[in-house]
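Below: the structure, in structure tokens.
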Amino acid sequence: VDFAKGEDIFQKYSPQHYLFYVYQGEVGRTVLTASGNEKIVKVVGERSIIGEVVFFQSLNNVNYCQARKKCEIYLFPRSVVYEVLLKDEKVVQGLINWFCSRMSSLSAQITDSMVRDTHYRVCSFLYNYACDFGKIDAQGHYVYKGKLS
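Heads up: the sequence shown begins at 22 in my numbering, then just goes up one per residue.
Written out as structure tokens, the structure reads:
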């Protein structure tokens, strides 16, 4: 399915019947703060899975995802996902690796917010963003030439 920039991929409080695979594009996950402002809490790029937690736990979304760029996203229904998981050990291992990576990232974010100062957290965010969305230059450094606000 193609999504235009700014288009909602899934809505807040909607049931999750599909596992979403971002083949091309960039997606932002947004939450509503206590003050009523919307805040992007995670940006994922190509070759990423979104909506996996609510999909596997059969929950409703408490946030929503929106295309930050034009996206091509594959939607896999629950029945197909479980059928593949029962048959393909490599897919199961890939999902386990994906979840472990996400848990490590969340653990680092929690640790950072509890014990690191603001300067460290900003530098860490910028480095990780460059690693995720940048390119490696001739010296082996990650370089990101896009804009952040």
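Heads up, the beta-carbon is just placed ideally off N, CA and C, and yes, glycines get one too.
If you're wondering where the values come from, they're calculated on a predicted model, not measured in any experiment.
Q. Got a sec: does the ligand ADP put a non-hydrogen atom nearer than 6 Å to the Cβ of L147?
A. With respect to the ligand ADP, the structure shown offers nothing to examine, as it has no ligands at all.
Q | Uninterrupted beta strand (DSSP E) stretches inside the region 49-110 (no shorter than 3 residues) | A | If only complete runs of 3 or more residues are kept, the region 49-110 shows the beta strand (DSSP E) at 59-65, 69-71, 85-88, 92-98, in order along the chain.
Q: Please state whether DSSP places D158 in a helix, a strand or coil.
A: coil
Q) Does the count of Cβ pairs from the region 36-47 and the region 70-90 closer than 8 Å reach three? A) yes
Q: Report yes or no: do three or more beta-carbon pairs, one from the region 104-120 and one from the region 52-63, lie closer than 8 Å?
A: no
Q) Can you give the beta carbon distance from K91 to A25, rounded, assuming they're within the 8 Å contact cut? A) 6 Å
Q. Going by DSSP, which residues form a beta bridge with Y39?
A. P98
Q) Distance, Cα to Cα, Y148 vs I94? A) Answer to the nearest angstrom: the Cα atoms are 26 Å apart.
**Q.** Simplified DSSP assignment, three categories, for V164
**A.** strand
Q: List the DSSP bridge partners of F31.
A: C86
Q | Residue burial classification, A88 (beta-carbon count within 10 angstroms, cutoff 16) | A | buried
Q.
For Q45, list the residues DSSP reports as bridge partners.
A. E93
Q: Please state if the CB of R50 and the CB of N82 are separated by a distance shorter than 7 Å.
A: no
Q: Kindly list the residues whose CB is nearer than 8 Å to the CB of Y141, restricted to its own chain and excluding five residues on each side of it in sequence; keep chain order.
A: D133
Q) Which residues in the same chain have their Cβ closer than 8 Å to the Cβ of Q37, if we skip the five residues on either side of it in sequence? A) Setting aside the 5 residues that flank it on each side, Q37 is surrounded in the same chain by F31, G72, V75, F76, S79, L80, N81, N82, each with a C-beta closer than 8 Å to its C-beta; the list follows chain order.
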